[in-house]
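Quick note: the sequence shown uses the UniProt record's numbering, first residue 1, plus one each step. Some notes on the structure that comes next.
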Amino acid sequence: MRSRSPDEFCLGVPSYGGTPGAGDEPVEAREQLHRARRFTAEGHPAAGGAWERAATALRRAGGTITPGDHADALDSTALDCRGRARAAAGPLFARAADLHERAGQHGKALVSRMRAVLAGEDAGGTARFQLGELCERAAVLYRTGRATAGQATTVLLLHARARADRLDTLPDPAAGAAGLREELGRLITSAAPHRADPAVLCPLADARALLGRISAPDDPARALVHLRAAVAGHRAAGRPWGAAEHELVLAGLLRSSGAHEEAAALLRAALPSDGSAASLRRGDRARLCLALARAVAGPHAAGRGRGGWRVGTGEGSAGSRGPGRGTDGRRRVEAEEVALLVEAVRLTGGAAVDPCLGALARLRLGSAYAELGRCREAVGLLEEALRGFAEDGDEAGLVRAGAWLAHSAQCLGDAGRAGREYTRAAARAGQWEDPRHAEALGRVAARARAAAGSPERTDRAGAGCAGPRSELRGLPEPYGQPGRYQVNVYGDVGGTGRNTVAVPRTRVQGCV
Numbered sequence: 001m002r003s004r005s006p007d008e009f010c011l012g013v014p015s016y017g018g019t020p021g022a023g024d025e026p027v028e029a030r031e032q033l034h035r036a037r038r039f040t041a042e043g044h045p046a047a048g049g050a051w052e053r054a055a056t057a058l059r060r061a062g063g064t065i066t067p068g069d070h071a072d073a074l075d076s077t078a079l080d081c082r083g084r085a086r087a088a089a090g091p092l093f094a095r096a097a098d099l100h101e102r103a104g105q106h107g108k109a110l111v112s113r114m115r116a117v118l119a120g121e122d123a124g125g126t127a128r129f130q131l132g133e134l135c136e137r138a139a140v141l142y143r144t145g146r147a148t149a150g151q152a153t154t155v156l157l158l159h160a161r162a163r164a165d166r167l168d169t170l171p172d173p174a175a176g177a178a179g180l181r182e183e184l185g186r187l188i189t190s191a192a193p194h195r196a197d198p199a200v201l202c203p204l205a206d207a208r209a210l211l212g213r214i215s216a217p218d219d220p221a222r223a224l225v226h227l228r229a230a231v232a233g234h235r236a237a238g239r240p241w242g243a244a245e246h247e248l249v250l251a252g253l254l255r256s257s258g259a260h261e262e263a264a265a266l267l268r269a270a271l272p273s274d275g276s277a278a279s280l281r282r283g284d285r286a287r288l289c290l291a292l293a294r295a296v297a298g299p300h301a302a303g304r305g306r307g308g309w310r311v312g313t314g315e316g317s318a319g320s321r322g323p324g325r326g327t328d329g330r331r332r333v334e335a336e337e338v339a340l341l342v343e344a345v346r347l348t349g350g351a352a353v354d355p356c357l358g359a360l361a362r363l364r365l366g367s368a369y370a371e372l373g374r375c376r377e378a379v380g381l382l383e384e385a386l387r388g389f390a391e392d393g394d395e396a397g398l399v400r401a402g403a404w405l406a407h408s409a410q411c412l413g414d415a416g417r418a419g420r421e422y423t424r425a426a427a428r429a430g431q432w433e434d435p436r437h438a439e440a441l442g443r444v445a446a447r448a449r450a451a452a453g454s455p456e457r458t459d460r461a462g463a464g465c466a467g468p469r470s471e472l473r474g475l476p477e478p479y480g481q482p483g484r485y486q487v488n489v490y491g492d493v494g495g496t497g498r499n500t501v502a503v504p505r506t507r508v509q510g511c512v
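Next comes the structure, spelled out in structure tokens:
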């Protein structure tokens, strides 16, 4: 959904008059309201759109919207504020909290206030103090019957998630993780008696998943148990959309243990069919596609997506993709990988998805096309990726996309452009502490410039799309190395292996 001011959501619907929801609206408006309320209660990703349709139906019917419904609509809209619209989430949550209080929904108000604080840019002492106060208030409201078990659990979970995001900034991250694991254990124990209620079962599953994430670097086997339980919890509640992030982390942990086939099977099952595609947010579907593309390529091809190749060696050349696979099998793998990356690019279009994810998807597909000799298609994608990384200021993304663009230009016989792009990439890489990448790109740039002055060399360089693939595969990935307890875009936890590509924070998300 597009970003709005907190009060703009009404879409012309008069607020808080009459007796809305009492059966006096036309059938369409009643049905739309019922659907929006149900989606909100379920935490469904389509709740924001459902409220927008309900508001439109009410406006046409001359109906009104209650403070409680208005608050739920604002909460749902705020949860949709991702990518470039992320900054709008905080004010929307804050306004929703005020309206929940007005409607006497004190537990919901507390959840909205917690999300408003987490959506803000202040991660310092003031925010931490506010979060602590909100957790204390959640305990009081629950004891006095003014907040449900699900709402109190959600508040504590959101606080735990924010603390997990900061673990790697602590003087002793391992000690911080151990303390947080103990607190999550107590939260899970206290919530378990209420697990028959889906409003408790889902945040309980999220708590198990968070416990699995911060256990993964220190106890992978235990982490697998927690993550499997988290996925099962959301599915038992009939809300599979809540399991997407946990399935990514579970698959990442399986990959790090070498279980690539199991990881791929899990991700395939997580991706919805066409008929149920709306049950996942576009960004989650894109991440599942990117992770599955990596998993199906297997460990021998992962260097193209992960940077695990040695600079200046012949390892990872086109002929080394998937050793032991026959030609037909390799083609099937390549076809599935490309199809998944095409879908990831499609899903990351528009302002509702984080632009970092869109740039990464275009880099992945563009470099895959370049590897397969489809260089004309690669050029446009890599140019788009460059624009995305330039907007975000990510130097590693600019170097990697620029180098693959240079390779594609050289394959198309444009040695002049190849030389310029390689030179630009080498200059950027020259700012890094590790000089090997700049040196390797500098050598490639020199060869491209030499070829630009010789038609014979240009023709030879472009023949068969030959080029320095190993140097390109070895370049660092965009967005840097995630911290030991953080998760990257593919679902890998930083402390479980050589992982890259940090995922934007998602700590305000969670069950209601």
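Glycine included, every Cβ here is placed at the ideal spot set by N, Cα and C.
| task | May I ask you to verify whether the stretch 471-478 touches the stretch 422-440, counting CB pairs closer than 8 Å and requiring at least 3? | result | yes
| query | Are the stretch 129-148 and the stretch 92-100 touching by the rule of at least three beta carbon pairs closer than 8 Å? | reply | no
| request: Could you tell me which residues DSSP puts in a beta bridge with residue 515? | output: Nothing can be reported for residue 515, as the shown portion of the chain is limited to 1 through 512.
| Considering Glu245, what are the terminal residues of the alpha helix (DSSP H) in which it resides? | Reading the sequence shown from its first residue, position 245 is the one you call residue 245. Per DSSP, Glu245 belongs to the alpha helix (DSSP H) from 244-256.
| Segment contact, 8 Å Cβ cut-off, at least three pairs: the stretch 245-255 with the stretch 225-233 | yes
| message | So the candidates are Glu42, Gly68, His44, Leu33; which of them puts its Cα closest to the Cα of Thr56? | response | By one-based count along the sequence shown, residue 56 stands at place 56. Of the listed residues, the one whose Cα sits closest to Thr56 is Leu33.
| said: Quick check on the burial criterion: 16 or more other C-beta atoms within 10 angstroms. Buried or exposed for Phe129? | reply: On the sequence shown, residue 129 is found 129 positions in, with the first residue counted as 1. Under this definition Phe129 is an exposed residue.
| request: Tell me where the alpha helix (DSSP H) around Asp284 begins and ends. | output: What you label residue 284 is simply residue 284 of the sequence shown in a count that begins at 1. Residues 282-297.
| field | Residue burial classification, Arg143 (beta-carbon count within 10 angstroms, cutoff 16) | value | Taking the sequence shown and counting its residues from 1, the one referred to as residue 143 is at position 143. Arg143 is exposed by the Cβ-count criterion.
| For Val338 versus Ala291, is the C-beta distance shorter than 8 Å? | Taking the sequence shown and counting its residues from 1, the one referred to as residue 338 is at position 338. Taking the sequence shown and counting its residues from 1, the one referred to as residue 291 is at position 291. Going by C-beta atoms, Val338 is not nearer than 8 Å to Ala291.
| said: On the CB-based measure, 16 or more other CB atoms within 10 Å of its CB, does Arg2 come out buried or exposed? | reply: Residue numbering aside, residue 2 sits at position 2 when the sequence shown is read from its first letter. Because the pLDDT of Arg2 is 41, which lies under 50, any placement of that residue in the model is unreliable, and the number read from its coordinates should be weighed accordingly. Looking at its Cβ environment, which holds fewer than 16 other Cβ atoms inside 10 Å, Arg2 is exposed.
| said: If you measure between the beta carbons of Asp168 and Gln486, is that distance less than 8 Å? | reply: Stepping through the sequence shown from its first residue, residue 168 is reached at position 168. Stepping through the sequence shown from its first residue, residue 486 is reached at position 486. For Asp168 and Gln486, yes; Cβs fall inside 8 Å.
| task | State the start and end residues of the unbroken alpha helix (DSSP H) segment that holds Gln481. | result | Indexing the sequence shown from 1 puts residue 481 at position 481. Taken as a continuous stretch (DSSP letters only), Gln481 belongs to no alpha helix (DSSP H), as it is neither H nor E.
| field | Contact under 8 Å by Cβ, Gly483 with Gly494 | value | What you label residue 483 is simply residue 483 of the sequence shown in a count that begins at 1. What you label residue 494 is simply residue 494 of the sequence shown in a count that begins at 1. Yes, the Cβ-Cβ distance between Gly483 and Gly494 is below 8 Å.
| query | Helix, strand or coil: how does DSSP classify Trp432 here? | reply | Here residue 432 is taken as the residue at index 432 of the sequence shown, counted from 1. Three-state result, Trp432: coil.
| field | Three-pair Cβ contact test at 8 Å for the stretch 392-401 versus the stretch 416-433 | value | yes
| field | Closest Cα partner of Ala450 within the set Tyr422, Arg469, Ser470 | value | For the purposes of this step, residue 450 is taken as the residue at position 450 of the sequence shown. When only C-alpha atoms are compared, the closest one is Tyr422.
| message | Can you look up Gln410 in the DSSP assignment and give me helix, strand or coil? | response | For the purposes of this step, residue 410 is taken as the residue at position 410 of the sequence shown. Note: Gln410 maps to helix in three-state DSSP.
| field | Neighbour-count burial assignment, Glu391, 16 or more Cβ in a 10 Å radius | value | One-based indexing of the sequence shown puts residue 391 at position 391. So Glu391 ends up on the exposed side.
| request: Have a look at Val200, Pro173, Leu156, His194 and flag the residue whose alpha-carbon is nearest the alpha-carbon of Glu183. | output: Numbered from its first residue, the sequence shown carries residue 183 at position 183. Measuring from the Cα of Glu183, the nearest candidate turns out to be Leu156.
| message | Assuming the contact rule is C-beta atoms closer than 8 Å, Leu266 and Leu254 should be a hit. Round their C-beta distance to whole Å, please. | response | For the purposes of this step, residue 266 is identified with residue 266 of the sequence shown, where counting begins at 1. For the purposes of this step, residue 254 is identified with residue 254 of the sequence shown, where counting begins at 1. About 7 Å; that satisfies the 8 Å criterion.
| request: Would you please verify whether the beta carbon of Leu187 is less than 8 Å from any beta carbon of chain D? | output: Among the chains in the structure shown there is no chain D, since it carries only a single protein chain.
| request: Alpha carbon to alpha carbon, how far is Val296 from Val333? Give it in angstroms, no decimals. | output: Against the sequence shown, residue 333 aligns to sequence position 333. Against the sequence shown, residue 296 aligns to sequence position 296. Near 6 Å, if we compare the C-alpha coordinates of Val296 and Val333.
| field | N-terminal and C-terminal residue of the alpha helix (DSSP H) that Leu266 is part of | value | Walking along the sequence shown from the start, residue 266 turns up at place 266. Residues 260-270.
| query | Given a threshold of 16 other Cβ atoms within 10 Å of its Cβ, counted over all protein chains shown, does Gly305 qualify as buried or as exposed? | reply | Numbered from its first residue, the sequence shown carries residue 305 at position 305. The predicted model places Gly305 with a pLDDT of 42, which falls under 50 and marks its position as unreliable, so this point remains unresolved.
| field | Under 8 Å between C-beta atoms of Arg417 and Ala409 | value | Taking the first residue of the sequence shown as 1, we reach residue 417 at position 417. Taking the first residue of the sequence shown as 1, we reach residue 409 at position 409. Yes, the pair counts as a contact, with Cβ atoms nearer than the cut-off.
| query | With 16 other CB atoms within 10 Å as the buried threshold, where does Thr496 fall? | reply | Here residue 496 refers to the residue found at position 496 of the sequence shown. Buried.
| said: Please report the straight-line C-alpha distance between Gly307 and Ser470, rounded to a whole angstrom. | reply: If you number the sequence shown from 1, residue 307 lands on position 307. If you number the sequence shown from 1, residue 470 lands on position 470. Low per-residue confidence applies at Gly307: pLDDT is 35, beneath 50, and the placement is therefore not dependable enough to give any value.
| said: Report the start-end ranges of each alpha helix (DSSP H) in the stretch 129-212 that is 4 residues or longer and not cut off at the edges. | reply: 149-165, 173-191
| Beta-carbon contacts of Arg447 that lie in its chain and below 7 Å, excluding the five residues immediately before and after | Counting from 1 along the sequence shown, the entry for residue 447 is found at position 447. Excluding residues within five positions, none has a Cβ falling inside 7 Å.
| query | How many Å lie between His234 and Arg268 at the Cα? | reply | Within the sequence shown, the letter at position 234 stands for residue 234. Within the sequence shown, the letter at position 268 stands for residue 268. For His234 and Arg268, the distance between alpha carbons rounds to 17 Å.
| Any idea what DSSP makes of His44, helix, strand or coil? | Here residue 44 corresponds to residue number 44 of the sequence shown, with the count starting at 1. It is coil, neither helix nor strand.
| query | Should the stretch 39-59 be regarded as contacting the stretch 67-81, the criterion being three or more beta carbon pairs within less than 8 Å? | reply | yes
| Alpha-carbon spacing of Arg38 relative to Val111, whole angstroms | Position 38 of the sequence shown holds residue 38. Position 111 of the sequence shown holds residue 111. Taking the straight line joining both Cα atoms gives about 18 Å.
| field | Unbroken alpha helix (DSSP H) run spanning Val117, endpoints | value | To locate residue 117, count along the sequence shown from 1; it is residue 117. Run containing Val117: 106-119, per the alpha helix (DSSP H) assignment.
| field | Residue burial classification, Thr154 (beta-carbon count within 10 angstroms, cutoff 16) | value | By 1-based counting over the sequence shown, the position of residue 154 is 154. When all chains shown are included, Thr154 counts as buried.
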